[in-house]
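Below is one structure; the comments refer to it alone.
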Amino acid sequence: MLIQYKVSVLILVLFLRCITSLSQTGYEKITVYKGIDYTELPDPHPADAVSWKNAPAEVMVSFGSADLRYAKSKPPAITTAITQWRTTAWKGEKVHTQVVISTKTPIKGLRITAGGLKDGKGHNIPATAVSTGFVRFVLTDSLNKEGHGCGIDTTATAHRELVADGIDCIAQKDLAAFTTQPVWVTIAVPQTAVAGKYTGLLYLHINGGTRTLPYSIQVKPFTLPSPAQWTYHLDLWQNPYAIARIYGVKEWSKEHLYRMRPFMQMLAGAGQKTITVSMIYDPWRSQTYDVYRSMIKWNKRKDGNWTYDYSIFDQWVGYMQSLGINKLINCYTMVPWNNKFYYYDEASQRDTLLIAKTGTPEYEAHWRPMLTAFVHHLKQKGWYHKTAIAMDERPLEDMQKVIRLVRSVDRDLKISLAGSYHGEIADEVYDYCIASAEKFDSLVLRKRTNAGLPTTYYTYCYEGRPNTFTFSPPAESTWLGWYAANKQFNGYLRWAYNCWPRNPMQDSRFSTWSAGDTYFVYPGGSSIRFERLIEGIQDYEKIRVLKELYKDQPAKLQPLLDVIKEFETAALNDQPAAAQLQKAKAVLNAY
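Under the UniProt record's numbering, the first residue of the sequence shown is numbered 1, with each subsequent residue one higher.
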């Protein structure tokens, strides 16, 4: 049974606790920091004394840019403090910037607070709509020598550096001398706000004194729908097993659900549409620190027949739907990367496995009874029409064999594929996601999007840019939404949302993939990458609203359509994502 929690109490308790937990091995100790300060790893490349000597002030406070990752051990390249911030937003939109504190002397208990915003006409945006978070520094690496994020150098001499990425929720922070500390500032404009110009103040409490930074926001007359109503098909793969390991709780216990809730609520707030289900053990050949277990227990009886326990599957799907993630249930996979299928064998009284390739008699004998039983169960639960058998990066021949088998059992069960474009099966795949370098046939693309089928793209470790590594320029995360608008995709997929490495709060590196490839958010909260990703989704939705609003006024819409066409991956070779977005947002904000 799902346990209902009062969200405000849950988040308060969760964010104020520091929990020391044991990993699944029982040997290594991982400390999880939620709302309590912790020690970041040493900077491999600290600044020299000369750079700090030339810094313009003992303690500099300035507005910065959401496009930059400020270095912890170096003074920022800001010669004159920027003391005002002006921004524009729709009603219902979330906008952000950074405040940068750079100090030559220690600061004890740095705090940042915000007052409400007023328009001078009696209308207010409450202080609760303004949030701040200390940006945390995590160890990262780089691309390989060919400019890709797959197969990078992991030797002791490989490049590594400390970068700003995580956004913490602690109330105050001590700063050592010769430190730069960014602070992420967010304004969530209420949908009920009255259009107009609002002004407010940020208060920085530094060593017994208070400094103020004024800012203003121009609220436009348009309203952005709430995330649940966004059409953008966001598919960030979840890993509930990583959360159980980090917090040292029993998988699928009440405590596990309790710990997962803030992360999955944060994902729902980004407009997530898909639930990630592992219907077999280890679908991806242990490519994550925390192996995916099967949410369905496969049991082969002594008489050779099969039974299936769906209790964890039901619990997980029901839980995610209760949080508003309810459009599609993607079940991985009928084609694992190692062709291994694990199950419990009653005859031998032990867990065992079958190794079988698609199309073989052994494979079909293993999957046909399961598919038959699974379809029956889905119909009983009322989930049949929103569930898909999902595969990723599998060859065409394997996909064709799987589709034939599925169709022989049930002609309407949905199929999902993230991989290369294959025109031969495009009509069979309900949820089709291709790599950013791939192309849909133009007629197929139009047919699919007109039918409302999820037709999306993904980035992965291969692309040097655009990407969402912990060292990637933050603007590239926003750029992704504009690229989708240009290419007529209706969403984006990324592996993964929270496949955390051993110690994600301090070290984002994992295996031979560029750091941050496996996760967007931290056990301590959100990230610059994740917030900028949401920004791009908001832009996509704003574009959609304007297209509908001005569909009968093509001349008025044309400037926006023209600037959207500039979002090509090749253009990033000559112009960084931040510069492209600056131009595009000027057009968008002119409406």
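The beta-carbon is built from N, C-alpha and C at its ideal position, and this holds for glycine as well.
Can you grab the Cα-Cα spacing for the pair residue i / residue j, in whole Å?
| i | j | result |
| --- | --- | --- |
| Q24 | G248 | Confidence in Q24 is poor, its pLDDT being 27 and thus under 50, which makes the residue's placement too unreliable to answer from. |
| K302 | L354 | 16 Å |
| G304 | R411 | 26 Å |
| A586 | K565 | 15 Å |
| V135 | A164 | 6 Å |
| I543 | R448 | 20 Å |
| A356 | F341 | 8 Å |
| K173 | T39 | 11 Å |
| F530 | S436 | 19 Å |
| W284 | V335 | 9 Å |
| Q84 | T192 | 26 Å |
| W316 | S416 | 19 Å |
| P576 | L378 | 46 Å |
| V521 | K197 | 33 Å |
| K127 | L201 | One detail in the question is off: residue 127 reads as Ala in this sequence, not Lys. Computed Cα separation, rounded: 10 Å. |
| A451 | S294 | 33 Å |
| K327 | H385 | 10 Å |
| I246 | Q349 | 32 Å |
| L110 | I167 | 16 Å |
| S477 | F489 | 16 Å |
| G208 | I101 | 15 Å |
| I243 | L581 | 35 Å |
| C433 | A55 | 48 Å |
| T132 | W184 | 5 Å |
| A77 | T180 | 11 Å |
| residue 592 | G481 | Residue 592 falls outside the range modelled here, since the chain spans only 1 to 591, and no answer is possible. |
| T456 | I82 | 40 Å |
| A319 | G151 | Just to set this straight, residue 319 is Tyr in the shown sequence, not Ala. Taking the straight line joining both Cα atoms gives about 36 Å. |
| residue 671 | L162 | This structure cannot speak to residue 671, because the chain is shown only from 1 to 591. |
For residue i, is the classification buried or exposed, using 16 other Cβ atoms within 10 angstroms of its Cβ as the cut-off for buried?
| i | result |
| --- | --- |
| E535 | buried |
| P473 | buried |
| A555 | exposed |
| V50 | exposed |
| D562 | exposed |
| D48 | exposed |
| L204 | buried |
| T20 | Summary for T20: the model assigns pLDDT 27, below 50, so the residue's position carries little reliability; its value from the coordinates is reported in the next sentence. Exposed is the call here. |
| D282 | buried |
| S226 | exposed |
| R407 | exposed |
| E93 | buried |
| T79 | exposed |
| Q558 | exposed |
| H376 | exposed |
| K583 | exposed |
| Q538 | buried |
| G147 | exposed |
| T549 | Residue 549 is actually Leu in this sequence, not Thr. With fewer than 16 Cβ atoms within 10 Å of its Cβ, L549 is classed as exposed. |
| L234 | buried |
| E568 | exposed |
Taking the DSSP output, what are the residues bridged to residue i?
| i | result |
| --- | --- |
| L204 | I112, R211 |
| E251 | None; E251 has no bridge partner. |
| K118 | N124, T199 |
| V219 | A89, G196 |
| I355 | K340 |
| T179 | T103 |
| K585 | DSSP, once it has assigned bridges, lists no residue as partnering K585. |
| T186 | H96, S131 |
| I167 | V135 |
| L162 | L139 |
| C150 | W513 |
Cβ of residue i versus every heavy atom of the ligand NAD: is any distance shorter than 7 Å?
| i | result |
| --- | --- |
| A435 | The ligand NAD is not part of the structure shown, which contains no ligands of any sort. |
Check whether the Cβ of residue i lies closer than 8 Å to any Cβ atom in chain C.
| i | result |
| --- | --- |
| N144 | The question asks about chain C, but that chain is absent: this structure has only one protein chain. |
Could you give the uninterrupted runs of the alpha helix (DSSP H) lying entirely in the stretch 300–348, keeping only those of 4 residues or more? 311–322
Quick one: which unbroken beta strand (DSSP E) runs of 3-plus residues sit fully inside the stretch 30–105? Chain order, please. 59–63, 85–91, 94–103
Check whether the stretch 57–69 and the stretch 150–157 touch, using three or more Cβ-Cβ pairs below 8 Å as the test. no
Check whether the stretch 495–505 touches the stretch 105–117, taking contact to mean three or more Cβ pairs, one atom from each stretch, closer than 8 Å. no
Could you pull out every unbroken beta strand (DSSP E) segment of at least 3 residues lying fully inside the stretch 458–497, listed in chain order? 491–494
Validate contact between the stretch 424–432 and the stretch 395–406 using beta carbons, cut 8 Å, 3 pairs: yes
Would you mind listing the beta strand (DSSP E) stretches within the stretch 401–456 that are 3+ residues and don't spill past its ends, in chain order? 414–419, 431–435
Check whether the stretch 306–317 and the stretch 263–270 are in contact - that is, three or more C-beta pairs closer than 8 Å. no
Runs of beta strand (DSSP E) lying entirely within the stretch 226–279, each at least 3 residues, in chain order: 233–236, 274–278
Count Cβ pairs between the stretch 78–98 and the stretch 209–219 that sit closer than 8 Å; are there 3 or more? yes
Count the C-beta pairs between the stretch 509–518 and the stretch 121–140 that are closer than 8 Å, then say yes if the count reaches three, no if not. yes
Three-pair Cβ contact test at 8 Å for the stretch 456–473 versus the stretch 355–371: no
Secondary structure, alpha helix (DSSP H): runs of 4+ residues fully inside the stretch 356–387: 361–381
Just list the alpha helix (DSSP H) runs in the stretch 505–577, keeping only unbroken ones of 4 residues or longer that don't cross its boundaries, in chain order. 528–549, 554–564
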